[in-house]
Amino acid sequence: DTEAIIENCRFVDNDGGNTGSIFFSKATSPGPGPTIRDCVFEGNTAYSTVVIQHCNPVIEQCTFESNTSPDFFGATVRLLQSAATFSDCVFSGNVGSGIGAEQADGLQILDCAFSDNAVAYGGGVRLSGTSGDQATISGCSFTNHVSPVSELGSALNSNSIDLTLVDCEFVGNRASTSVFVAHGASYDIDRCHFENNFDGTCASFSGDVDVSMSQCIFIDNSSSGVSIGGFSTASFSECLFENNHATWGPG
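Be aware that the sequence shown starts at 3, since it is given in this note's numbering, and climbs by one per residue.
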């Protein structure tokens with residue numbers, strides 16, 4: 003039943019192989035999905051702890067902690083063609099991205115905290131789409147992620163999806179090139195805060211992107227603030243760049 007309600011449950015120390023502790027899939031075109039509320043996922047091992055395909059779940063007030071994906075490119079929650087809504091969730095200390103979403107049109111991630119997740123790239127969120135797809139990330143924090151893979155983003159990786167990023171914090175992340183990497187599509191970034199990030203660049207855009215950034219703060223980073231490459235256009239309004247020390251490139 004893709005419209006099931008799972009509430010106040012704990013999933014601890016399970017080994018789920020490829021399907022995880024929870025697996026939902028809708029055979030026909032995407033429609034309503036499960037509601038997962040006030041649940042804890044801890045110490046589970048699977049390619050993804052939760053897998054949801056072709057339906058639109060609501061996941062709220064859940065904690066995902068110390069789960070492990072044997073594949074270093076895995077994700078704690080994996081979505082395929084699913085317009086999920088996450089709110090007030092915590093993703094901490096997982097091996098794998100917090101959320102990995104493919105063809106993520108309609109995805110909303112609201113007031114969630116991502117910290118200390120270890121993965122090749124996109125430790126907090128990794129999302130992709132096709133032309134015209136849209137997603138929103140609002141009120142979220144991305145803290146203490148490290149990426150060993152260059153040019154892919156330690157905290158957030160976004161590819162070919164129009165992304166609205168509002169009131170988010172990126173603090174204490176480390177990447178060989180960038181904390182937030184975006185490729186293709188358009189990006190509307192408002193009131194975001196980048197502080198005490200290390201190495202490379204806080205936010206990197208490439209591959210024919212359209213970036214609008216307003217009222218953002220880049221302060222005390224041991225990295226560049228913003229990098230714009232490829233056939234990209236960008237506008238900045240009321241942004242603050244202060245006391246950044248780039249290892250390469252401009253501040």
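The C-beta atom is built at its ideal place from N, Cα and C for all residues, glycine as well.
I'd like to know whether the C-beta atoms of residue i and residue j end up nearer to each other than 9 Å.
{"i": "Phe220", "j": "Glu197", "result": "yes"}
{"i": "Phe144", "j": "Glu171", "result": "yes"}
{"i": "Ser180", "j": "Ser206", "result": "yes"}
{"i": "Ser50", "j": "Ser68", "result": "no"}
{"i": "Gly2", "j": "Phe66", "result": "Nothing can be reported for residue 2, as the shown portion of the chain is limited to 3 through 253."}
{"i": "Ala187", "j": "Leu167", "result": "no"}
{"i": "Asp118", "j": "His147", "result": "yes"}
{"i": "Thr87", "j": "Leu109", "result": "yes"}
{"i": "Ile8", "j": "Ile54", "result": "no"}
{"i": "Ile163", "j": "Asp107", "result": "yes"}
Determine the extent of the beta strand (DSSP E) in which residue i is found, giving its start and end residues.
{"i": "Ser208", "result": "200 to 208"}
{"i": "Gln110", "result": "109 to 112"}
{"i": "Gly231", "result": "No beta strand (DSSP E) holds Gly231; DSSP gives it neither H nor E."}
{"i": "Thr145", "result": "143 to 145"}
{"i": "Val79", "result": "77 to 82"}
{"i": "Asn245", "result": "That residue, Asn245, is in no beta strand (DSSP E); it is neither H nor E in DSSP."}
{"i": "Asp169", "result": "Careful: Asp169 lies outside any beta strand (DSSP E) and carries neither H nor E."}
{"i": "Ile7", "result": "7 to 9"}
{"i": "Ser117", "result": "115 to 117"}
{"i": "Asn161", "result": "158 to 161"}
{"i": "Gln136", "result": "136 to 140"}
On the criterion of 16 or more Cβ atoms from any shown chain inside 10 Å, does residue i qualify as buried, or is it exposed?
{"i": "Val121", "result": "buried"}
{"i": "Glu62", "result": "buried"}
{"i": "Val14", "result": "exposed"}
{"i": "His56", "result": "buried"}
{"i": "Ser133", "result": "exposed"}
{"i": "Thr203", "result": "buried"}
{"i": "Ala137", "result": "buried"}
{"i": "Ala103", "result": "buried"}
{"i": "His247", "result": "exposed"}
{"i": "Arg80", "result": "buried"}
{"i": "Arg12", "result": "exposed"}
{"i": "Ala29", "result": "exposed"}
{"i": "Ser237", "result": "exposed"}
Using only the alpha-carbon positions, how far apart do residue i and residue j sit?
{"i": "Leu112", "j": "Asn96", "result": "19 Å"}
{"i": "Thr70", "j": "Gly76", "result": "9 Å"}
{"i": "Gly35", "j": "Asn58", "result": "4 Å"}
{"i": "Pro72", "j": "Asn46", "result": "11 Å"}
{"i": "Cys142", "j": "Gly209", "result": "25 Å"}
{"i": "Ala177", "j": "Asn161", "result": "18 Å"}
{"i": "Glu240", "j": "Ser27", "result": "44 Å"}
{"i": "Gln105", "j": "Ser130", "result": "6 Å"}
{"i": "Val92", "j": "Cys114", "result": "6 Å"}
{"i": "Ser156", "j": "Ser225", "result": "13 Å"}
{"i": "Val60", "j": "Asp40", "result": "11 Å"}
{"i": "Asp90", "j": "Gly232", "result": "36 Å"}
{"i": "Val52", "j": "Leu242", "result": "39 Å"}
{"i": "Asp192", "j": "Gly98", "result": "27 Å"}
{"i": "Pro32", "j": "Asn10", "result": "26 Å"}
{"i": "Val42", "j": "Ser216", "result": "36 Å"}
{"i": "Ala184", "j": "Asp190", "result": "12 Å"}
{"i": "Gly19", "j": "Glu244", "result": "47 Å"}
**Message:** Quick check on the DSSP output: what are the complete beta strand (DSSP E) runs of length 3 or more inside the region 16 to 59, in order along the chain?
**Reply:** For the region 16 to 59, whole beta strand (DSSP E) runs of length 3 or above, ordered along the chain, are 17 to 19, 24 to 27, 33 to 39, 42 to 44, 52 to 55.
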